[in-house]
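Peer 1: Going by my numbering, the first residue of the sequence shown is number 62, and it counts up by one from there. Don't be surprised by glycine CBs; every beta carbon is placed ideally from N, CA and C. Supplied in structure tokens, the structure appears directly below.
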Amino acid sequence: MHHYDYKLDISKKEYGESVYSAEIRTHAVDFREDLDAELIPIQLPELIEK
């Protein structure tokens with residue numbers, strides 16, 4: 062049996078020509094409901110950014 066300390070998601074948002082991506086660490090099923098969720102900026106590979 063595995064024990065996880067948190068749930069990990071990757072989020073990518075596009076605003077016009079700009080792309081923002083972040084690693085999201087949370088204990089909640091939906092990170093938007095977790096006021097303590099960590100959003101850590103990351104650089105995605107160029108192929109994924111496009």
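When DSSP labels each residue in this structure, what does Glu99 get in the three-state scheme?
Peer 2: Mapped onto the sequence shown, residue 99 falls at position 38. It is a strand residue.
Peer 1: I think Leu100 touches Ala83, with their Cβ atoms under 8 Å apart; what is that distance to the nearest whole Å?
Peer 2: As a first step, residue 100 must be located in the sequence shown, where it is residue number 39. As a first step, residue 83 must be located in the sequence shown, where it is residue number 22. The Cβ separation is near 5 Å, so the contact holds.
Peer 1: For Leu69, does the three-state DSSP call read helix, strand or coil?
Peer 2: On the sequence shown, residue 69 is found 8 positions in, with the first residue counted as 1. Note: Leu69 maps to strand in three-state DSSP.
Peer 1: If Lys73 and Leu105 are in contact, beta carbons under 8 Å, what's the gap, nearest whole angstrom?
Peer 2: As a first step, residue 73 must be located in the sequence shown, where it is residue number 12. As a first step, residue 105 must be located in the sequence shown, where it is residue number 44. Their Cβ separation, rounded to whole angstroms, is 7 Å, which keeps Lys73 and Leu105 in contact under 8 Å.
Peer 1: So Glu84 is in the beta strand (DSSP E); what residue range does that whole segment cover?
Peer 2: Translated into the one-based positions of the sequence shown, residue 84 becomes position 23. Its beta strand (DSSP E) spans residues Ser79 to Thr87.
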